[in-house]
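Novice: Residue numbers (this note's numbering): -4 to 537.
Where a beta carbon is used, it is the ideal one built from N, C-alpha and C, also for glycine.
Here it is, the structure in full.
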């Protein structure tokens, strides 16, 4: 097959796997709308070219009548208040999928655009409640952490469009896996199914270095062929992974914007200026763009929710197309812009790293994540001064810093016992890269799951965690119940029995301080202003 025919086929496959099939339309919360509600939005044939002028993309309530033809849409653009004439003929449902070969025969420049669907008033609240419920009932909860990452990666490698048919991507992937293998099993994965999935994960790992990770800069969960793109650095709006010589690049992005998705869609088709779009499609809350960027092929996928647009761009040399094509399909299956559960954190190579610490004495003792201060030439605590590492506990992931010459710091009061319930508030200082250079405190709502010591922290909302390692975990009464630790994919692979984000409890912190002859602030059973003891820690490496 000629290389020039590959990208329309891959784009067509991605359109199917990524939820662009019109059989079920996505609402603004990432859930599929029943066919009756999305019929009007899907009535227009997918191969009709639609305008990207955002002025004509006014949301309308879902209706059973067919969408107007492109010529009528253009007339409506000239006269916004004019009603489109009703058609007596019934439009062909867009749910009928065309084979990939048909996609290759279509003209190279086309764009499918569906009229935005306005969900019911309570749909958004229901979707959020559903996401929180799914987080509590993890389909992989019965699998040891040492196997969970491999099983997840294998499931998402070939999940396809089935992963988008429910609020829980992993549960849908399990269902798709059983369907492919003609299994009648129900409930949690059986031992034999786990063995099959782990064997598949090893195959994908050996060939591509396939990993499913959480990008700390954007909060996106995505699949990465780590052997193809081993180098990770910060990008303008996220993280960039690249091959040794840059032939393949994967870059995430996260935009906070008040612009409609159609405006972002139009902008990304034209920026940078050397992009030549060969395929593009937009739905109510997501879009895909692919084509040529200079001498390289590119593909963009993005989703919008609650004033944010998250996605990733993949670029590669034309000569790599045959190798990259299967990986692009797998990445589309694994992509979760607003994941309900966090995967191991992707590791970045940075000369300056930002994290969080907790002041535990008035004279300058600060507890933080041990990994944050590894290999630092200089350690700075923002607003306080240079710090020296004076102790570390590799087993429990703790480091003790000291800022000398201070006598009036406000230390945190460590809670005398474990949290009374699972609800936590994580207080940290996000990486300046994700808060426009600011150094303000931020809070994440979370819950505790698992036994103390290896207790997993699950975020209630899918937010970026860059800069939060070492953050204070406050209980329902506002007391410091422990410290948050994040583990990168490399550390998770070395010790997969520990969750990617966990709580180090106050008892462990107290024992660590006592072993180093440091007396923390007196216990205060009353809620104190623990937030004033949370500081930014900066590590400068060579």
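Is the region 305 to 312 in contact with the region 165 to 184, if contact means three or more CB pairs nearer than 8 angstroms?
Specialist: Touching, no.
Novice: The beta strand (DSSP E) that contains residue 246, what's its start and end?
Specialist: 243 to 251 is the extent of the beta strand (DSSP E) around residue 246.
Novice: Across the region 466 to 478 and the region 216 to 230, are there enough close Cβ pairs to call them in contact, namely three or more that are closer than 8 angstroms?
Specialist: With the cut-off at 8 angstroms, the region 466 to 478 and the region 216 to 230 do not touch.
Novice: Is DSSP giving residue 134 helix, strand or coil here?
Specialist: Coil.
Novice: Do you know whose CA, among 291, 433, 412, 149, lies nearest residue 241's CA?
Specialist: Comparing Cα positions, the closest option is 291.
Novice: Would you list the residues sitting across from residue 287 in a DSSP beta bridge?
Specialist: Looking at the DSSP assignment, residue 287 forms a beta bridge with 271, 292.
Novice: Quick check: the Cα distance between residue 247 and residue 221, rounded to an integer number of angstroms?
Specialist: Approximately 15 angstroms between the Cα atoms of the pair.
Novice: Between the Cα of residue 459 and those of 236, 508, 424, spot the shortest distance and give me the residue it belongs to.
Specialist: Comparing Cα-Cα distances from residue 459 to each of 236, 508, 424, the minimum goes to 424.
Novice: Provide the residue span of the alpha helix (DSSP H) that contains residue 545, from first to last.
Specialist: Only positions -4 to 537 of the chain appear in this structure, which leaves residue 545 out of reach.
Novice: Helix, strand or coil: which one does DSSP assign to residue 27?
Specialist: Note that residue 27 has pLDDT 39, beneath the 50 cutoff, so the model's placement of it is unreliable and the number below is only indicative. Strand, per DSSP.
Novice: Can you tell me whether residue 400 is buried or exposed? The criterion is at least 16 other CB atoms within 10 Å of its CB, across all chains shown.
Specialist: With fewer than 16 other Cβ atoms within 10 Å, it is exposed.
Novice: So what does DSSP say about residue 317, is it helix, strand or coil?
Specialist: Helix.
Novice: Helix, strand or coil for residue 303 per DSSP?
Specialist: Correct three-state label for residue 303: strand.
Novice: How would you label residue 339, buried or exposed, when you count the other beta carbons within 10 angstroms and need 16 or more for buried?
Specialist: Buried: at least 16 other Cβ atoms inside 10 Å.
Novice: Could you name the residues of the same chain whose beta carbon sits closer than 6 angstroms to that of residue 193, not counting the 5 residues immediately before and after it, in chain order?
Specialist: Same-chain partners within the cutoff: 145.
Novice: For residue 479, which beta-bridge partners are listed by DSSP?
Specialist: Looking at the DSSP assignment, residue 479 forms a beta bridge with 498.
Novice: If we cut at 8 angstroms on Cβ distances, does residue 423 have a partner in chain B?
Specialist: Absence of chain B from the displayed structure is noted, only one protein chain being present.
Novice: Compute the Euclidean distance between the alpha carbons of residue 440 and residue 496, then round it to the nearest angstrom.
Specialist: Whole-angstrom Cα-Cα distance: 13 angstroms.
Novice: Mapping the DSSP letters down to three states, classify residue 49 as helix, strand or coil.
Specialist: Interpretation of residue 49 is limited by its pLDDT of 37, a score under 50 that renders its predicted location unreliable; the figure taken from the coordinates is listed afterwards. If DSSP states are grouped into helix, strand and coil, residue 49 belongs with the helices.
Novice: Would you mind sorting residue 432 into buried or exposed? The rule is 16 or more other CB atoms within 10 Å of its CB.
Specialist: Exposed, since its Cβ has fewer than 16 Cβ neighbours within 10 Å.
Novice: Whether or not the region 254 to 270 and the region 197 to 217 are in contact is what I'm after, with contact meaning three or more pairs of Cβ atoms, one per stretch, closer than 8 angstroms; do they touch?
Specialist: Touching, no.
Novice: If you follow the beta strand (DSSP E) that residue 453 is part of, which residue opens it and which one closes it?
Specialist: Residues 450 to 454.
Novice: Are there 16 or more other CB atoms within 10 angstroms of the CB of residue 14, so buried, or fewer, so exposed?
Specialist: Note that residue 14 scores a pLDDT of 42, beneath 50, so its modelled location is shaky; the value from the coordinates is reported in the next line. Flag for residue 14 reads buried.
Novice: Just list the residues that DSSP pairs residue 437 with in beta bridges.
Specialist: In DSSP, residue 437 forms a bridge with 423.
Novice: Following the continuous alpha helix (DSSP H) through residue 201, name the residue where it begins and the one where it ends.
Specialist: Residues 186 to 203.
Novice: Bridge partners of residue 237, per DSSP?
Specialist: Per DSSP, 226, 244.
Novice: Confirm, please, whether the CB-CB distance from residue 508 to residue 515 is below 8 angstroms.
Specialist: Contact flag set, yes.
Novice: Does the beta-carbon distance from residue 288 to residue 265 come in below 8 angstroms?
Specialist: Taking 8 angstroms as the Cβ cut-off, residue 288 and residue 265 do not qualify as a contacting pair.
Novice: Do the CB positions of residue 465 and residue 367 come within less than 8 angstroms of each other?
Specialist: Yes, these two residues count as a Cβ contact at 8 angstroms.
Novice: Looking only at its chain, what residues have a beta carbon closer than 6 angstroms to the beta carbon of residue 483, apart from the 5 residues adjacent to it on each side?
Specialist: Answer for residue 483: 340, 342, listed in chain order.
Novice: When you compare only the Cα positions, how much space is there between residue 422 and residue 142?
Specialist: Approximately 30 angstroms, taken between the alpha carbons.
Novice: Count the other CB atoms within 10 Å of the CB of residue 207; is the residue buried (16 or more) or exposed (fewer)?
Specialist: Under this definition residue 207 is a buried residue.
Novice: Helix, strand or coil for residue 281 per DSSP?
Specialist: Strand at residue 281.
Novice: Taking residue 176 as the reference, give the member of 284, 395, 191 with the closest Cα.
Specialist: Among 284, 395, 191, the Cα nearest to that of residue 176 belongs to 191.
Novice: Alpha carbons only, please: which of 233, 528, 277 is nearest the one belonging to residue 250?
Specialist: Of 233, 528, 277, the residue nearest in Cα terms is 233.
Novice: Restricting to Cα atoms, I'd like to know which of 197, 168, 506, 167 is closest to residue 390.
Specialist: The residue with the shortest Cα to Cα distance from residue 390 is 506.
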